[in-house]
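One structure is given here, and the rest of the page talks about it.
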Amino acid sequence: MKSKKTSVTVRELIDSLGKEMKFKVISGFKGLDRPITAAEVNRPGLALSGYYKHFAKHRLQVLGLVEMDYLKNISSSEHYERLSQLMQMRIPAFIVARNFIPLPETVALSNKYNVPIIRAPGVTMKVVNKTSAWLEEQFAPSAKVHGVLMEVYGMGVLIMGKANVGKSECALSLVERGHILVGDDVITLKLAEGIFVTGHSNPTLGHHMEIRGIGIINVQSLYGVKSVRMWKHIDFVVTLEEWQENRNYERLGIDNEFIELVGVKTPNVLIPVKPGRDVALLIETAAQNEKLKKLGFNVARKFNEQLIASMKMKNKAN
Amino acid sequence: MNNKEIIREITVINKLGIHARPSSMLVQIANQFEADLFVSHDGQDEVNAKSIMGVMMLAAGQGTKLQFRAVGPDSEELLDKIEQLINSKFNEE
Chain A
215 MKSKKTSVTV RELIDSLGKE MKFKVISGFK GLDRPITAAE VNRPGLALSG YYKHFAKHRL
275 QVLGLVEMDY LKNISSSEHY ERLSQLMQMR IPAFIVARNF IPLPETVALS NKYNVPIIRA
335 PGVTMKVVNK TSAWLEEQFA PSAKVHGVLM EVYGMGVLIM GKANVGKSEC ALSLVERGHI
395 LVGDDVITLK LAEGIFVTGH SNPTLGHHME IRGIGIINVQ SLYGVKSVRM WKHIDFVVTL
455 EEWQENRNYE RLGIDNEFIE LVGVKTPNVL IPVKPGRDVA LLIETAAQNE KLKKLGFNVA
515 RKFNEQLIAS MKMKNKAN
Chain B
1026 MNNKEIIREI TVINKLGIHA RPSSMLVQIA NQFEADLFVS HDGQDEVNAK SIMGVMMLAA
1086 GQGTKLQFRA VGPDSEELLD KIEQLINSKF NEE
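So the protein sequences, as listed, match chains A and B. For the first sequence, the numbering used here assigns the number 215 to the initial residue and increments by one for each residue that follows. For the second sequence, the numbering used here assigns the number 1026 to the initial residue and increments by one for each residue that follows.
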């Protein structure tokens, strides 16, 4: 179920970031459904001066102080030629930073070629950074998994396992103990900054859960807003499985097992479930243990080192 | 007949002794048998060899002579397996 977006539209950008960045579309409205196919943004300084080779035409073009000042100082024929050239290359849109007011000629061309011009009050670098961060998130590899995502003692725990193994009941138990639910059943995983995995709740499902025998419950209204959040970095996975008599379960915890989530190796703790085992407590303990490991303290390994040292001492004494 | 008790002495020969990993291997084998297994050395209190913490508590280094006591229908077979494991140096060397 892995997927990777290859394009977003200018309209989607405005819908998501418009409020925060105070975007205002001033012209080229017919081009709002133009696709953006690159996660980076470009400052078209060189292209405006007439050098079009290697021009990054798939990117959003951000006009800052330098570009706006330059456009003011070239002749109107040069202005016409350069901007027409750029706009005919099907660039997605221009963002004008610092709320600069584009020349009427620029606006006219934007309407002619249907390339939107968006004004934003932020300073150029801020516009560039915010926009590229958003684009990067859109283009990041993502996947949907079946599981429950919780925050337990600050650690992001993705609980996986077959249907009916008791994931939701266990999550409810954890919420009852004061931990936080991100989402139940369908979790969207995203690769963030190329190294982290984040898990997001499904906007339609929200913080609803289905508990067999009771039906659909809303965790936010039952336990309050402190018990829910929208997304979380995933630190480790807990896989629940029915206890199998002949299987050897981890007894030491010296070696880590891993599972791959959107290409990132993530620690995986396999917990066998059987009546009488308090799975929520086990997950709490696993979360604290993983936290210790993250801080560089592997308890099992440390214990073993002490054991080996004590055996050496005894052998010397004999 | 059904609860045959056998005592066997086995010497630890691997360099690091019975630390965490060997303990877990030993316990894993012991748990596959019906017979109970206990282990002790130097006449100290014996521990249940099906419990990993118990086995590690022995801190049995290289050269330690361990007395295994198996009770149950498959005790002979169990002790053979344990002896094999210890003599294999737990695949460490």
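Even for Gly, the Cβ is constructed at its ideal location relative to N, Cα and C. On a predicted model such as this, the values are computed, not experimentally measured, just so you know.
- [ ] Take A/Gly-477 as the anchor and find which of A/His-360, A/His-447, A/Ile-228, A/Val-411 has the nearest alpha-carbon.
- [x] Ranking A/His-360, A/His-447, A/Ile-228, A/Val-411 by Cα distance to A/Gly-477 puts A/Val-411 first.
TODO: Determine, using beta carbons only, whether A/Ile-522 comes closer than 7 Å to chain B.
DONE: Output row for A/Ile-522: interface = yes.
Task: Closest by C-alpha distance to A/Ile-473, when choosing among A/Leu-300, A/Ile-430, A/Met-301, A/Asp-449 - done: The shortest Cα separation from A/Ile-473 among A/Leu-300, A/Ile-430, A/Met-301, A/Asp-449 belongs to A/Asp-449.
Open item on the list: When you compare the CB of B/Ile-1107 with every CB in chain A, is at least one pair closer than 7 Å?
Closed with: Chain A, which has no Cβ nearer than 7 Å to the Cβ of B/Ile-1107, makes this no.
Task: Cβ contact check for the segment 273–293 of chain A and the segment 301–308 of chain A: 3 or more pairs under 8 Å - done: Yes: the two stretches touch, three or more of their Cβ pairs being nearer than 8 Å.
Open item on the list: So the candidates are A/Glu-383, A/Leu-395, A/Val-341; which of them puts its Cα closest to the Cα of A/Asn-256?
Closed with: Ranking A/Glu-383, A/Leu-395, A/Val-341 by Cα distance to A/Asn-256 puts A/Val-341 first.
- [ ] Please determine if the segment 239–252 of chain A and the segment 277–285 of chain A are in contact, where contact requires at least 3 C-beta pairs separated by less than 8 Å.
- [x] A contact is defined here as three or more CB-CB pairs under 8 Å, and the segment 239–252 of chain A fails this definition with respect to the segment 277–285 of chain A.
Open item on the list: I need the DSSP call for A/Thr-453, collapsed to helix, strand or coil.
Closed with: Under the three-state reduction of DSSP output, A/Thr-453 falls in the strand class.
Task: Contact set for A/Leu-466: own chain, Cβ-Cβ below 7 Å, skip 5 residues either direction - done: Shown here for A/Leu-466: same chain residues with a beta carbon closer than 7 Å to its own, the five before and five after excluded, namely Ala-514 in chain order.
Task: 8 Å contact criterion, which A/Glu-383 and A/Ile-425 should meet: CB distance rounded - done: Taking the Cβ atoms as the reference, A/Glu-383 lies roughly 7 Å from A/Ile-425, within the contact range of under 8 Å.
Open item on the list: Please report the straight-line C-alpha distance between A/Val-224 and A/Tyr-266, rounded to a whole angstrom.
Closed with: The alpha-carbon atoms of A/Val-224 and A/Tyr-266 are separated by roughly 23 Å.
- [ ] Could you say if the segment 452–460 of chain A and the segment 366–376 of chain A meet the contact criterion of at least three C-beta pairs nearer than 8 Å?
- [x] Judged by Cβ distances under 8 Å, the segment 452–460 of chain A makes contact with the segment 366–376 of chain A, as three or more pairs qualify.
Task: Sequence-distant residues of the same chain with beta carbon closer than 7 Å to A/Leu-297, five excluded per side - done: Thr-320, Leu-323, listed in sequence order.
Task: Local conformation of A/Val-493 per DSSP, three classes - done: Three-state DSSP puts A/Val-493 in a helix.
TODO: Measure the Cβ-Cβ separation of A/Leu-484 and A/Gly-413 and say whether it is below 7 Å.
DONE: A/Leu-484 is not a Cβ neighbour of A/Gly-413, given a cutoff of 7 Å.
Open item on the list: Below 8 Å on the Cβ atoms is my contact criterion, and I expect A/Ala-253 with A/Glu-350 to pass it. Report the Cβ-Cβ distance as a whole number of Å.
Closed with: Confirmed, about 5 Å.
Open item on the list: So with CB distances below 8 Å, who are the chain A contacts of B/Ile-1077?
Closed with: In chain order: Arg-465, Leu-466.
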